[in-house]
Amino acid sequence: MKIVDVVITPIAFRDPPLLNSTGVHEPLVLRCVVQLVLENGIVGLGECPGGAAETSRLVRAAQVVKGMDVFATTAARQAVHRALGGAAVRVEERDSAWAPLEVAALDAQGKLVGRPVCDLLGGAVRAAVPFSGYLFYKWAEHPALDGHPAQSDAWGPALDPDGVVVQARRLIDGYGFGSLKLKGGVFPPEEEIAAIRALARAFPGLPLRIDPNAAWTVATSQRVARELTGVLEYLEDPAPGLDGMAQVARSTSIPLATNMVVSNLTHLSPAVAQDAVQVLLLDHHLWGGLRRSRDLALLCQAFGIGLSMHSNSHLGISLAAMVHLAASVPELAYACDTHYPWNAADDVVRPGVLRFVDGAVPVPTGPGLGVELDEVVLTELHQAYLDAGRERRDDTGYMRRVVPDYDATLPRW
Ligand code: GKR
Ligand code: MG
0 MKIVDVVITP IAFRDPPLLN STGVHEPLVL RCVVQLVLEN GIVGLGECPG GAAETSRLVR
60 AAQVVKGMDV FATTAARQAV HRALGGAAVR VEERDSAWAP LEVAALDAQG KLVGRPVCDL
120 LGGAVRAAVP FSGYLFYKWA EHPALDGHPA QSDAWGPALD PDGVVVQARR LIDGYGFGSL
180 KLKGGVFPPE EEIAAIRALA RAFPGLPLRI DPNAAWTVAT SQRVARELTG VLEYLEDPAP
240 GLDGMAQVAR STSIPLATNM VVSNLTHLSP AVAQDAVQVL LLDHHLWGGL RRSRDLALLC
300 QAFGIGLSMH SNSHLGISLA AMVHLAASVP ELAYACDTHY PWNAADDVVR PGVLRFVDGA
360 VPVPTGPGLG VELDEVVLTE LHQAYLDAGR ERRDDTGYMR RVVPDYDATL PRW
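For the record, in the sequence shown the residue sitting at position 194 is 193 according to numbering that gives the first Met the number 0, with numbers rising by one throughout.
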């Protein structure tokens, strides 16, 4: 069954002022929606990070899959890699352009054969996929800039341990999350340690993680690890670089997790050789789609590396894809990350299918991804993208508009 068209729609959706080690989230997230059209009219959906460079790669990738068989995904990936410059271009860039096309192809395949995507990945080994509540330090509002008034949101501020606990309670009450991850690297480590301790007191027994995105030196990471031994489920990307992570790993019993130092296959062997990471965060957007992520899970199993799942600001097409992937990977033993609660109000898929029950998303059972595109919302979000006139995510640039001397150099502490 031939792919006759691929429609790429850049979109922008609202995001609260969430803080991280490089700055603060801008008021709008840039993303792309892919609609892959088959000759019989079936449409497969995909979603991926947006921005000018990402969209231009995706457009070039889409050109080469037109006319190919929707089941020929291996050949299509190779064609996309060649079209994007082959080995001269970073594999992450090639695979990121291919990933939403693969997801859309699998959605279309599932609709053709009347089976959910997880069945095309070998079948679901769990009926629902557990997620962890993703906590962020955040400002109360986006500041007034460029003649636009300040924009507050229903979440309120979270700038100290009490604020983090309030946010956690709200996420747990609303979604039932059974574990929590704090995005750190924002305040001095002592304050973030205090926030983790406050969470441990408020929610005894709940697995906790912190991810400062390489904001700490090796020595600081070792100190934080000593203080939080017995409190953390895992410690994510405390220090920059593989050598830094390996040094930290040698000095702590807390498993180290990463989505930063292992982001393509060539990173795996050195990470294993140094025993630098004990948990890898899968991300089909980065690793070239659902099938390659599932294959990566097998490799990790071979090397005794545990699996969790990474997230970036996203909507329901990505959430559905993440759920189908996680459902089909037996080795995935940790609750997955998701930004969805922060962005769900602008979802581009029709409500009803994706829901959280006790912190887990039941695997959609309809054909393909099992979700339906809301064309009206898509048009609105596309207009928002055009009106925004932005080209890329720039957490640091946005922060500097508010804090002009903000220094984004890492490690910071
Ligand atoms: O949304 O600010 C954020 C996160 O920091 C995100 O960009 C990271 O990619 O969640 C991510 C992570 O686990 O490193
Ligand atoms: Mg991370």
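Idealized CB from N, CA, C, for every residue including glycine.
Quick caveat: nothing in here was measured; it's all calculated off a predicted structure.
From the DSSP secondary-structure annotation, give me the bridge partner or partners of M398. Translated into the one-based positions of the sequence shown, residue 398 becomes position 399. M398 pairs with nothing; no bridge assigned.
So does the stretch 201-216 actually touch the stretch 34-48, counting three or more Cβ pairs closer than 8 Å? no
Report the residue ranges of all beta strand (DSSP E) runs contained in full by the stretch 157-235; include only those spanning at least 3 residues, in chain order. 179-182, 207-210 and 233-235
On the three-state DSSP scale, how would you describe T378? The count along the sequence shown starts at 1 and reaches residue 378 at position 379. Of the three classes helix, strand and coil, the one that applies to T378 here is helix, per DSSP.
Identify whether E38 lies in helix, strand or coil by the three-state DSSP scheme. The residue given as residue 38 occupies position 39 in the sequence shown. Residue state, collapsed to three classes: coil.
Which same chain residues end up closer than 8 Å to G122 when comparing Cβ atoms and leaving out the 5 residues on each side of it in sequence? Taking the first residue of the sequence shown as position 1, residue 122 is located at position 123. Excluding residues within five positions, the ones whose Cβ falls inside 8 Å are S327.
Just curious, the beta strand (DSSP E) that P269 is in, first and last residue? For this step, residue 269 is matched to residue 270 along the sequence shown. No beta strand (DSSP E) holds P269; the alpha helix (DSSP H) holding it covers L267 to Q273.
Take L27 as the anchor and find which of A344, T216 and E232 has the nearest alpha-carbon. By 1-based counting over the sequence shown, the position of residue 27 is 28. Selected option, being the one with the closest Cα: A344.
For Y133, report the span of its beta strand (DSSP E) as first-last. Looking up residue 133 in the sequence shown gives position 134. Note, Y133: beta strand (DSSP E), G132 to F135.
Any heavy atom of the ligand GKR inside 7 Å of the beta-carbon of D371? Position 372 of the sequence shown, counting from 1, holds the residue named residue 371. Note on identity: in this sequence residue 371 is Glu, with Asp being the wrong assignment. No - the ligand GKR has no heavy atom lying nearer than 7 Å to the Cβ of E371.
Residues bridged to H7 (per DSSP): Residue numbering aside, residue 7 sits at position 8 when the sequence shown is read from its first letter. According to the sequence provided, residue 7 is Ile. The question's His does not apply to it. Answer is V33, bridged to I7.
Can you tell me the Cα-Cα spacing of E25 and L18, whole angstroms? As a position in the sequence shown, residue 25 is number 26, starting the count at 1. As a position in the sequence shown, residue 18 is number 19, starting the count at 1. Using only the alpha carbons, I get a separation of about 10 Å.
6 Å Cβ shell around A383 - same chain, five flanking residues per side excluded: Translated into positions along the sequence shown, residue 383 becomes position 384. So the list reads A11, once near-sequence residues are dropped.
Considering only residues of the same chain and omitting the five flanking positions on each side of L285, which have a CB-CB separation below 7 Å? Along the sequence shown, one-based indexing puts residue 285 at 286. The answer, listed in chain order, is E91, D94, S95 and S262.
Residue closest to S252, alpha-carbon to alpha-carbon, out of N258, V271, V260 and R225: Position 253 of the sequence shown, counted from the first residue, corresponds to residue 252. For the residues N258, V271, V260 and R225, the minimum Cα distance to S252 belongs to R225.
Would you say the beta carbon of P35 is closer than 7 Å to some non-hydrogen atom of the ligand MG? In the sequence shown, residue 35 corresponds to position 36, counting from 1. First, the amino acid is wrong: residue 35 is Leu here, not Pro. Every heavy atom of the ligand MG is 7 Å or more from the Cβ of L35, so no.
Cβ of D274 within 8 Å of Cβ of L314? Start at 1 with the first residue of the sequence shown, and residue 274 comes out as number 275. Start at 1 with the first residue of the sequence shown, and residue 314 comes out as number 315. In this structure, L314 does not lie closer than 8 Å to D274 by Cβ.
Below 8 Å on the Cβ atoms is my guess for P15 versus D152; work out the distance and round it to an integer in Å. Against the sequence shown, residue 15 aligns to sequence position 16. Against the sequence shown, residue 152 aligns to sequence position 153. About 5 Å separates the two Cβ atoms, so the contact holds.
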